[in-house]
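Residues in the sequence shown are numbered from 441 upward in steps of one, following our numbering.
Shown next, in structure tokens, is the structure this report addresses.
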Amino acid sequence: MSEAANYSVVEALRNGLRIEIRALRLDDRAGVLAAVDRSSAQSLYRRFFGLKRGFTEQEKAFFLNVDFVNHVALVAVVEEGGRQVIVGGGRYIVLQPGKAEVAFAVVDQHQGQGIGAALMHHLAAIARGAGLNELIAEVLPDNVPMLKVFEKSGFHVSTKRDSGVMHIALRLF
Ligand SMILES: CC(C)(COP(=O)(O)OP(=O)(O)OC[C@H]1O[C@@H](n2cnc3c(N)ncnc32)[C@H](O)[C@@H]1OP(=O)(O)O)[C@@H](O)C(=O)NCCC(=O)NCCS
Numbered sequence: 441m442s443e444a445a446n447y448s449v450v451e452a453l454r455n456g457l458r459i460e461i462r463a464l465r466l467d468d469r470a471g472v473l474a475a476v477d478r479s480s481a482q483s484l485y486r487r488f489f490g491l492k493r494g495f496t497e498q499e500k501a502f503f504l505n506v507d508f509v510n511h512v513a514l515v516a517v518v519e520e521g522g523r524q525v526i527v528g529g530g531r532y533i534v535l536q537p538g539k540a541e542v543a544f545a546v547v548d549q550h551q552g553q554g555i556g557a558a559l560m561h562h563l564a565a566i567a568r569g570a571g572l573n574e575l576i577a578e579v580l581p582d583n584v585p586m587l588k589v590f591e592k593s594g595f596h597v598s599t600k601r602d603s604g605v606m607h608i609a610l611r612l613f
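Shown next, in the form of structure tokens:
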């Protein structure tokens, strides 16, 4: 397992809230499922490209059992009511040597505060450290927040539109 499995950074959001961006852990199952539960239908639609009411055990295992080499997942944690709560996550899955697909989700209540950008920044740092040179993503054309996160990532972004989906490619080097 790579050192990405122990990744942890703490930073302040633009609203002053303290956030930890850290590697997903096996004991995050309840926290991740709770974050999905509090996400709106629109957010889930934008993340999974369809109506998503629940996940099979197989899907849950896929999302939670990451190897931090071919599948790297970070979560964003904030304090809510004295508890550390997962409010977002980002992951990449290596598709072929040097190239991985990324995806992000932040619970609605915490969107627009820079969490998506922070997840992008740290995931890209891990990807670069692992020698990847390209991150790709599929985004619905009306998903302005996600497109903005990519545009503001600081990397060269290329975009292709194809039957209702935007294909995004970020060049890391
Ligand atoms: C896409 C997503 C991960 C971004 O996370 P986030 O924490 O909201 O992102 P940030 O706060 O870092 O940045 C979002 C940017 O979009 C802007 N934004 C948010 N909502 C917007 C809207 N409706 N119209 C225009 N801009 C908008 C924000 O102001 C911000 O830009 P700024 O930095 O110039 O102010 C989050 O919105 C989300 O989970 N959406 C649902 C799931 C999803 O779409 N996943 C993507 C699949 S790949």
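Each residue gets a CB set at the ideal place from its N, CA and C atoms; glycine is no exception.
Nothing here was measured: the structure is a model prediction, and the numbers come from that model.
- Judged by their CB atoms, G528 and H550 are nearer to each other than the 9 Å cut-off.
- Contact between the region 544-558 and the region 475-485 is established, with three or more Cβ pairs separated by less than 8 Å.
- Take the alpha-carbon of G490 and the one of G604: they are about 13 Å apart.
- With 16 or more other CB atoms across the displayed protein chains lying within 10 angstroms of its CB, F503 is buried.
- Per DSSP, the continuous alpha helix (DSSP H) segment holding Y485 begins and ends at 481-488.
- Only residues of its own chain outside the window of five on either side were considered, and among them D468, G471, V472, A474, A475, V515, A516, V517 have a CB closer than 8 Å to the CB of I526, listed in chain order.
- With a threshold of 16 other beta carbon atoms within 10 Å, V506 meets it and is buried.
- CA-to-CA, the gap between L464 and R568 works out to about 19 Å.
- DSSP links V547 through a beta bridge to no other residue.
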